[in-house]
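Scroll down for the structure; my scribbles are underneath it.
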Amino acid sequence: MIFSWPFKDSSDGDKKITREDERRIVAQFKEWLPRILAVPEVQAVITFDQVISYLQSDRPPNSAVNKSVVIRQNHAQGQLLGWVFLDQNNSFVSRPDGTAYGRQLLARKLDGKLQQNLGNKDLMLVDIQSQKSGFEEFHRSITDQYQQWLRDILKLPEIVPIMTYEAAIQYFITDRPSDPRIEKGAIIRQPHSQGQLLAQVFLDSNNDLVRRSDGKPYGRQLVAKKLDEELLDAFGNKNLIIVE
Numbered sequence: 285m286i287f288s289w290p291f292k293d294s295s296d297g298d299k300k301i302t303r304e305d306e307r308r309i310v311a312q313f314k315e316w317l318p319r320i321l322a323v324p325e326v327q328a329v330i331t332f333d334q335v336i337s338y339l340q341s342d343r344p345p346n347s348a349v350n351k352s353v354v355i356r357q358n359h360a361q362g363q364l365l366g367w368v369f370l371d372q373n374n375s376f377v378s379r380p381d382g383t384a385y386g387r388q389l390l391a392r393k394l395d396g397k398l399q400q401n402l403g404n405k406d407l408m409l410v411d412i413q414s415q416k417s418g419f420e421e422f423h424r425s426i427t428d429q430y431q432q433w434l435r436d437i438l439k440l441p442e443i444v445p446i447m448t449y450e451a452a453i454q455y456f457i458t459d460r461p462s463d464p465r466i467e468k469g470a471i472i473r474q475p476h477s478q479g480q481l482l483a484q485v486f487l488d489s490n491n492d493l494v495r496r497s498d499g500k501p502y503g504r505q506l507v508a509k510k511l512d513e514e515l516l517d518a519f520g521n522k523n524l525i526i527v528e
């Protein structure tokens, strides 16, 4: 659910966001840009649903955090879009190392639904809690499909000492099949006796696993002894990352 200004939060103890807060948040976002995770590729188009998926997967591992803001800025290549999470005092939620939870990316275009929700403003408030049930259902759907096709997904024999966020994302770029049905990727993690079992699969527009002509899903599985901090942060307290 998207709330327009002014925002009246029903949660006890939460401060209402004022116009002054709005200006402060935008200014702080510009200042904190170097400390916000950036998606390296320029997106042709970013959709409202993609932003909501990102918000759920990037959410800090703190159940008390239930507000996020989406901020847009003009850019030479299109639109700079970023999102951060707010605490009860409407301040940015950050990690112990001082970096902000959230993400930024460049998109050449915004889809109609996202453009409509932003309107003529450059800041949009999102109540994450109201999106929670839909995301959990989506999470279960992907995980259930993975379990169903577990034996048919290519498994790499070597154990990876450490899997980095950069390497995980790069796989979806360099190894993306030339199948027009593919819309996005998913990374699923599960505990393993030797570390973490990671599966990387490709999804269509209905969020179903895309399969080859032989019926087996595109993708791979591997065991990593460790995940780097950036990948751990991307997972947060969840076991699924969506890669657009």
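Letter 155 of the sequence shown, counting from 1, is numbered 439 in my numbering, and no numbers are missing. Using N, Cα and C, we set each Cβ at its ideal position, and we do this for glycine too.
CB contact flag (Gln-505, Leu-482, <8 Å): What you label residue 505 is simply residue 221 of the sequence shown in a count that begins at 1. What you label residue 482 is simply residue 198 of the sequence shown in a count that begins at 1. Against a cut-off of 8 Å, the Cβ pair of Leu-482 and Gln-505 comes out as a contact.
Inter-stretch contact at 8 Å, needing at least 3 Cβ pairs: the segment 391 to 410 / the segment 460 to 478: no
Where the beta strand (DSSP E) containing Ser-241 begins and where it ends: The chain is shown only over 285 to 528; residue 241 falls outside these bounds and no answer can be derived.
Simplified DSSP state of Pro-318, which is helix, strand or coil: Position 34 of the sequence shown holds residue 318. Here Pro-318 sits in helix by DSSP.
Residues bridged to Gly-469 (per DSSP): Position 185 of the sequence shown holds residue 469. The partner list for Gly-469 (beta bridge, DSSP) reads Phe-486 and Val-527.
Whole-angstrom distance between Gly-386 and Gln-340, CA atom to CA atom: If you number the sequence shown from 1, residue 340 lands on position 56. If you number the sequence shown from 1, residue 386 lands on position 102. Taking the straight line from one Cα to the other gives about 10 Å.
Residue environment, Pro-461, which counts as buried when at least 16 other CB atoms sit within 10 Å: As a working mapping, residue 461 is identified with position 177 in the sequence shown. Its Cβ having fewer than 16 others within 10 Å, Pro-461 is exposed.
Any 3 or more C-beta pairs closer than 8 Å across the segment 326 to 342 and the segment 495 to 512: no
Segment limits, alpha helix (DSSP H) that includes Tyr-533: Limits of the chain in this structure are 285 at one end and 528 at the other, which puts residue 533 out of reach.
Secondary structure of Asp-428, DSSP reduced to three states: Residue numbering aside, residue 428 sits at position 144 when the sequence shown is read from its first letter. Reduced to three states, the DSSP call for Asp-428 is helix.
Whole-angstrom C-beta distance between Ile-426 and Leu-524, which should lie under 8 Å: Walking along the sequence shown from the start, residue 524 turns up at place 240. Walking along the sequence shown from the start, residue 426 turns up at place 142. That pair is a contact at about 6 Å.
Limits of the unbroken alpha helix (DSSP H) element including Asp-395: Numbered from 1 along the sequence shown, position 111 holds the residue referred to as residue 395. Element bounds for Asp-395: n/a, residue is neither H nor E.
Residue from Val-329, Ala-452 and Ile-301 with nearest C-alpha to Ile-526: Position 242 of the sequence shown holds residue 526. When each option's Cα is compared against that of Ile-526, the closest is Ala-452.
Separation of Val-368 from Ser-352, as counted between CA atoms: The residue labelled residue 352 in the question sits at position 68 within the sequence shown. The residue labelled residue 368 in the question sits at position 84 within the sequence shown. Those two C-alpha atoms are separated by around 6 Å.
Secondary structure of Gln-334, DSSP reduced to three states: Counting from 1 along the sequence shown, the entry for residue 334 is found at position 50. Helix, per DSSP.
Cut-off 7 Å between Cβ atoms - residues of its own chain near Val-310, not counting five sequence neighbours on either side: For the purposes of this step, residue 310 is taken as the residue at position 26 of the sequence shown. Once the five neighbours on either side are set aside, the close Cβ partners of Val-310 are Ile-355, Asp-406 and Leu-407.
Test item: CB-CB of Gln-480 and Arg-473 under 8 Å: Here residue 480 is taken as the residue at index 196 of the sequence shown, counted from 1. Here residue 473 is taken as the residue at index 189 of the sequence shown, counted from 1. Contact flag set, yes.
As assigned by DSSP and simplified to three states, the class of Gln-478: Here residue 478 refers to the residue found at position 194 of the sequence shown. The answer is coil: DSSP assigns Gln-478 none of H, G, I, E or B.
Beta-carbon contacts of Arg-392 that lie in its chain and below 6 Å, excluding the five residues immediately before and after: Taking the sequence shown and counting its residues from 1, the one referred to as residue 392 is at position 108. Within the same chain, Arg-392 has close Cβ partners Ala-328 and Gly-362.
Cβ distance (whole Å) where Ala-384 is taken to contact Arg-319 below 8 Å: For the purposes of this step, residue 384 is taken as the residue at position 100 of the sequence shown. For the purposes of this step, residue 319 is taken as the residue at position 35 of the sequence shown. So it is a contact: roughly 5 Å between Cβ atoms.
Other residues of its chain near Lys-416: CB distance less than 7 Å, five sequence neighbours each side excluded: To locate residue 416, count along the sequence shown from 1; it is residue 132. Legend: pLDDT at Lys-416 = 49, less than 50; position of this residue unreliable, no value from coordinates given.
8 Å Cβ cutoff met for Met-447 and Leu-516: Numbered from 1 along the sequence shown, position 163 holds the residue referred to as residue 447. Numbered from 1 along the sequence shown, position 232 holds the residue referred to as residue 516. Not a contact, by the Cβ cut-off of 8 Å.
Element boundaries [alpha helix (DSSP H), containing Phe-519]: For the purposes of this step, residue 519 is identified with residue 235 of the sequence shown, where counting begins at 1. Run containing Phe-519: 513 to 519, per the alpha helix (DSSP H) assignment.
DSSP three-state assignment for Gln-454, whether helix, strand or coil: Taking the sequence shown and counting its residues from 1, the one referred to as residue 454 is at position 170. Three-state result, Gln-454: helix.
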